[in-house]
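For what it's worth, the working numbering labels the leading residue of the sequence shown as -19, then goes sequentially. We put the CB at the ideal spot given by N, CA and C, even for glycine. As the structure is a computational prediction, the values presented were derived from the model and not from experiment. The block underneath contains the structure these notes are about, expressed in structure tokens.
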Amino acid sequence: MNEKVIVALDLRGYDEILTLVDKLEEAIWFKVGAVNFTAYGTKLIKELKKRNKKVFLDLKYHDIPNTVKESVYAANELRIDMLTIHSIGGIEMMIAAQEAVKDFEIKHNEKGAQILAVTVLTSMNDENLKRDMFINMNVEEAVLKLANNALKAGISGLVASAKETKLIRENFGDYFTIVTPGIRPAWASKNDQKRVVTPKDAIEFGSNYIVIGRPIYNADNPQEAFDKIRKELNHANS
Ligand code: C5P
């Protein structure tokens, strides 16, 4: 079940990151987000690929279609395996992102990255949608409408909280690959996450991958923490 756990590399320090990656020998997936891509850029991605790791590049692209297309193409050239875009950027933007993957696949004759669309950030509530984005619907309705736009654009993956995962599965069946953050094993601290579920529950709600950062990299023994999570997942599916 280690292929379902994506370790978020949000810790500080280039050497510290690579030391963690080397300790987590069994881990397959690592997430690099805006913080450490800004700090260490393509150098970090190349180190992960050198170690045969799968990389989830979480930069949540949101721009005019052509800029997103070229960014997605450039990300594919790094041989990353998954990346994120904002569905709120529109259907044309999502189609352009998907075209970039196709262009890469034709040019190199190899499989490109899977694109995941972000719907509504979990930091936004109904009031934020109305006040900041002038959207007059609740978060759940907006999530479903944005997921539908992603589907129309040919995007096959979504980032979703555990609660949204249930909703998406009820409305779209198994169509989307779903990646879920906000995961906390029962033995770990919640940190600043407010709505958390356990790894086992997330998978049972229908997530394909779970993203976990601090419970692993802040643990006294990260390998042991990773292993415990993996065992919990094995148990969920047995
Ligand atoms: O350390 P922790 O397990 O809370 O890390 C979760 C990771 O998932 C972080 O990289 C965070 O930015 C990301 N994330 C999240 N909630 C979202 C979207 C992304 O926690 N709604």
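> How about Val123 and Asp106: do their beta carbons lie closer than 8 Å?
Replying inline: No; because the gap between Cβ atoms is not below 8 Å, this pair is not in contact.
> Does the distance from the CB of Arg210 to the CB of Asn32 come in under 8 Å?
Replying inline: Against a cut-off of 8 Å, the Cβ pair of Asn32 and Arg210 comes out as no contact.
> DSSP three-state call for Ile30: helix, strand or coil?
Replying inline: Checking the sequence, you will find Lys at residue 30 rather than Ile. In this structure, Lys30 counts as helix in the three-state DSSP scheme.
>> If contacts are defined as beta-carbon pairs under 8 Å, then Ala7 and Phe206 qualify, I think. What distance do you get, rounded to the angstrom?
In response: Sure, about 6 Å apart at Cβ, within 8 Å.
> Just curious, the beta strand (DSSP E) that Tyr53 is in, first and last residue?
Replying inline: Per DSSP, Tyr53 is not a residue of any beta strand (DSSP E); the alpha helix (DSSP H) it occupies stretches across 45 to 57.
> Which residues mark the beginning and the end of the alpha helix (DSSP H) in which Lys132 is found?
Replying inline: Per DSSP, Lys132 belongs to the alpha helix (DSSP H) from 119 to 132.
>> For chain C, check one thing: does any of its Cβ atoms lie closer than 8 Å to the Cβ of Trp167?
In response: Absent from the structure: chain C. Only one protein chain is present.
>> Within 10 Å of its beta-carbon, does Ile86 have 16 or more other beta-carbons around it, so buried, or fewer, so exposed?
In response: Looking at its Cβ environment, which holds fewer than 16 other Cβ atoms inside 10 Å, Ile86 is exposed.
> Using the C-alpha atoms, what's the distance from Ala93 back to Pro179?
Replying inline: Computed Cα separation, rounded: 24 Å.
>> For Tyr53, which residues in the same chain have their Cβ closer than 7 Å to its Cβ, ignoring the five residues on either side in sequence?
In response: For Tyr53, same chain residues with a beta-carbon under 7 Å away, outside a window of 5 residues either side, are Ala80, Asp83, Phe84 in chain order.
> Which residues in the same chain have their Cβ closer than 8 Å to the Cβ of Tyr155, if we skip the five residues on either side of it in sequence?
Replying inline: The answer, listed in chain order, is Leu131, Ser136.
> Is Met73 helix, strand or coil when you go by DSSP?
Replying inline: In this structure, Met73 counts as helix in the three-state DSSP scheme.
> Between Leu28 and the rest of its own chain, which residues show a CB-CB distance below 8 Å, the 5 nearest in sequence each way excluded?
Replying inline: These residues qualify, in order along the chain: Val1, Phe10, Val12, Val35.
> Within 10 angstroms of its Cβ, does Met73 collect 16 or more other Cβ (buried), or is it exposed?
Replying inline: Met73 counts as buried, since at least 16 other C-beta atoms from the protein chains shown sit within 10 angstroms of its C-beta.
>> Do Ala97 and Ser67 count as a contact pair if the criterion is CB distance below 8 Å?
In response: Judged by their CB atoms, Ser67 and Ala97 are nearer to each other than the 8 Å cut-off.
> Does the beta-carbon of Ile(-3) have 16 or more other beta-carbons within 10 angstroms, so that it is buried, or is it exposed?
Replying inline: By the neighbour-count rule (16 or more Cβ atoms within 10 Å), Ile(-3) is buried.
> Secondary structure at Tyr155, three-state DSSP: helix, strand or coil?
Replying inline: Three-state DSSP puts Tyr155 in coil, outside helix and strand.
>> Between Thr64 and Val139, how many whole angstroms is the CB-CB distance? I'm expecting something under 8 Å.
In response: Between the beta-carbon of Thr64 and that of Val139 there is about 6 Å, and that keeps the pair under the 8 Å contact cut.
> Does the Cβ of Tyr(-6) have 16 or more other Cβ atoms within 10 Å, making it buried, or fewer, making it exposed?
Replying inline: It counts as exposed.
> I think Thr283 touches Gly162, with their Cβ atoms under 8 Å apart; what is that distance to the nearest whole Å?
Replying inline: Limits of the chain in this structure are -19 at one end and 218 at the other, which puts residue 283 out of reach.
> Smallest Cα separation from Val177: which of Ala127, Ile115, Leu213, Asn128?
Replying inline: Answer by Cα proximity: Leu213.
> For ligand 1, any of its heavy atoms closer than 7 Å to the Cβ of Arg194?
Replying inline: Yes, since a heavy atom of ligand 1 falls inside the 7 Å radius drawn around the Cβ of Arg194.
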